[in-house]
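Worksheet: one structure, shown below.
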Amino acid sequence: MLKCEDISIKNKNNITLIDKLNFFIKESEIFTLTGPSGVGKSTLLKYICGIRESNFFYSGRILIDNNIINEVPTNLRRVGMIFQNDLLFPHMNVIENILFATPSHKKKNFEDAANLLNQLNLEYLSTKKINTLSGGEYSRVCLARIMMNEPKVLLVDEPFSNLDKKTKALTRDFFYNTISNLNCATLIVTHDMEDIYSYDKIIKL
465 MLKCEDISIK NKNNITLIDK LNFFIKESEI FTLTGPSGVG KSTLLKYICG IRESNFFYSG
525 RILIDNNIIN EVPTNLRRVG MIFQNDLLFP HMNVIENILF ATPSHKKKNF EDAANLLNQL
585 NLEYLSTKKI NTLSGGEYSR VCLARIMMNE PKVLLVDEPF SNLDKKTKAL TRDFFYNTIS
645 NLNCATLIVT HDMEDIYSYD KIIKL
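When you line the sequence shown up against the numbering used here, it's residues 465 to 669, in that order.
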């Protein structure tokens, strides 16, 4: 589970972007975070992920499974984030990109990656180069790469913003069906009204 207590974020001009925000996301729940541009949505996601930008000031507590995140070693936090313009390595194929998320390229990891692609009905992509993927396929591979590490918390920043309407609908359904079975707390930043009302709860900034 993910719990945020009294989270406040100010910019370098001492302007408050987020003021004492509180929310609690249980396992398998998917929340959407929405609001106008510039109110700190992406900055909040990065903060939860452990990325503190130097031109912002932060306060409040973030807990994962009742553990204060700053007290948990980075490699044990199990927080996955898909950035708005997440990058896959173009010189690798799909399964190599997914394996890159694991500590070592052991045989078991390769088998796990192959099984994961099979579960997601993406096995046909395994040997494809990244530059041959469609926008929807690219987004799905980004999610699969994060899933390799079995995150407890999944943070997603505008995952469908560059997709056409039909691909967006298919990819949104894929994300929902996949994430619902992950047993992790998920927070998705979006501006799209269809995205906003597709998930469990809305947080408005």
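From the three backbone atoms N, C-alpha and C, an ideal C-beta is built for every residue, glycine too.
Since the structure is predicted, the reported quantities are computational estimates derived from the model, not experimental observations.
Per DSSP, CYS513 is paired with what?
Position 49 of the sequence shown, counting from 1, holds the residue named residue 513. CYS513 is not bridged to any residue.
So the candidates are ILE652, THR591, ASN647, TYR511; which of them puts its Cα closest to the Cα of ASN432?
Residue 432 falls outside the range modelled here, since the chain spans only 465 to 669, and no answer is possible.
Nearest by alpha-carbon distance to ASN561: which of ASN549, ILE546, ALA577 is it?
By 1-based counting over the sequence shown, the position of residue 561 is 97. That would be ALA577, whose Cα lies nearest to the Cα of ASN561.
Bridge partners for ALA649 per DSSP, in chain order?
Locating residue 649 in the sequence shown gives position 185, counting from the first residue. Bridge partners of ALA649: VAL617.
Can you give me the C-alpha to C-alpha distance between LYS593 and MET611, rounded to a whole angstrom?
One-based indexing of the sequence shown puts residue 593 at position 129. One-based indexing of the sequence shown puts residue 611 at position 147. Going from the Cα of LYS593 to the Cα of MET611 covers about 20 Å.
With C-beta atoms as the reference, is LEU581 less than 8 Å away from ALA608?
Position 117 of the sequence shown, counting from 1, holds the residue named residue 581. Position 144 of the sequence shown, counting from 1, holds the residue named residue 608. Result yes, Cβ atoms of LEU581 and ALA608 sit closer than 8 Å.
Identify the continuous alpha helix (DSSP H) that holds ILE498 and give its terminal residues.
Sequence index remark: in the sequence shown, residue 498 carries index 34 (1-based). Strictly speaking, residue 498 in this sequence is Thr, with Ile absent from that position. Looking at the DSSP string, THR498 is not in any alpha helix (DSSP H); the run it does join, the beta strand (DSSP E), is 494–498.
Can you list, in chain order, the residues of its chain whose CB lies under 6 Å from that of ILE559, leaving out five sequence neighbours each side?
As a working note, residue 559 is residue 95 in the sequence shown. If we look at ILE559 and ignore the five residues flanking it on each side, its Cβ neighbours are ALA577, SER590.
Looking at the secondary structure, which residues open and close the alpha helix (DSSP H) in which ASN486 lies?
Locating residue 486 in the sequence shown gives position 22, counting from the first residue. Not the alpha helix (DSSP H): ASN486 falls in the beta strand (DSSP E), residues 480–489.
Span of the alpha helix (DSSP H) holding SER603?
To locate residue 603, count along the sequence shown from 1; it is residue 139. Note, SER603: alpha helix (DSSP H), 599–611.
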